[in-house]
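Mapping of the sequence shown onto our numbering: residues 23 to 262, in sequence order. Heads up, the thing below is written out as structure tokens.
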Amino acid sequence: MSGAVEQAVILVGGRGSRLGHLVENTPKPLLPVAGRPFLDYWLEFLTAQGVREIILSCGYLAGCFVDRYDQTKMGNASLSCFVEDAPAGTGGVLKLLADRLASRFLLLNGDSFTSVKLAELHDAFAKHSPNCLAALNLVQLTTAAGRYGKVECAANGSITGFGEKQPADTGDLINAGFYLLDRKIATHSTVPASLECDILPQLAKQGKVCGLVNPGRLIDIGTPADYAKAQIILPELIAE
């Protein structure tokens with residue numbers, strides 16, 4: 023990416039209630055995977071790709087993130103924590119952070135991982151500029167996964183619709199929770215708001231959202247079964 027995007031916001035505020043007792047004292051992104059906090063895989067990936075500022079948007083058990091990461095550095099990147107007073111949603115966070123956002127920045131979920139090619143996502147964004155406000159990393163499912171909504175993407179990369187209420191099936195494209203955004207997207211948000219349900223579908227109707235299909239795997243630790251799978255799959259993915 024050659025320094026084209028140097029800021030990332032990682033959403034780590036969710037409770038992760040489907041994981042039950044595992045998240046009673048440890049927030050989901052800090053659960054150990056192959057002996058390390060899951061979030062650390064993202065931090066190393068981002069810093070290796072030239073990201074120089076990482077903001078962690080915290081909610082549930084925020085103190086765990088503040089104690090470990092706030093005002094620290096990883097490689098050449100500075101880390102800081104933003105603590106939500108009340109749940110703002112994935113879109114509301116952008117409104118709250120509007121004054122801190124770079125002109126273009128990455129936004130990603132801290133409880134899933136995929137080996138997105140940042141340079142290609144940047145190129146997809148540039149191809150659809152100047153009207154584009156969001157470029158999404160998309161993954162094609164190899165098996166049915168009913169908890170994801172499918173995304174409709176045209177041959178030229180324009181996203182034409184979101185099916186959050188249509189469970190994704192084998193072969194469908196899903197939103198991998200990794201975005202390259204223009205900071206003007208914050209003007210389309212309220213608090214609280216969902217980026218996926220309230221903001222992106224409306225922007226897609228205006229031709230302001232594009233997508234890049236990533237052939238890689240999506241690792242999500244949101245359920246006990248997927249968390250167990252991640253112990254094996256994530257180290258393999260990092261090594262590829």
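Using N, Cα and C, we set each Cβ at its ideal position, and we do this for glycine too.
- Residue environment analysis places Pro246 among the exposed positions, since fewer than 16 neighbouring C-beta atoms fall within 10 angstroms of its C-beta.
- The C-alpha of Leu128 lies about 27 Å from the C-alpha of Leu41.
- Closest in alpha carbon position to Ala157, among Asp107, Gly229, Ala215, is Gly229.
- The DSSP assignment places complete beta strand (DSSP E) segments of no fewer than 3 residues inside the stretch 57 to 139 at 75 to 80, 94 to 96, 99 to 105, 126 to 131, in order along the chain.
- Counting along the chain, Ala198 sits inside the beta strand (DSSP E) bounded by residues 195 to 204.
- Nearest in C-alpha terms to Gly85, of all of Leu101, Val105, Ser100, is Val105.
- The stretch 231 to 249 makes contact with the stretch 50 to 65: 3 or more CB pairs, one atom from each, lie closer than 8 Å.
- Here Gly132 is buried, its C-beta having at least 16 other C-beta atoms within 10 Å.
- Distance from the CA atom of Tyr170 to the CA atom of Leu217, rounded to whole angstroms, is 15 Å.
- By the Cβ criterion, the stretch 146 to 166 is not in contact with the stretch 53 to 72, since fewer than three pairs of Cβ atoms, one from each stretch, lie closer than 8 Å.
- Here Leu143 is near Leu234, since their CB atoms are less than 9 Å apart.
- Pairing Glu66 with Gly97 gives a Cβ-Cβ distance under 9 Å.
- With respect to the 9 Å criterion, Ser134 and Glu262 are not classified as neighbours on the basis of their beta carbons.
- Sequence-distant Cβ neighbours of Gln253 in its own chain, meaning closer than 7 Å and more than five residues away, are Val55, Ala56.
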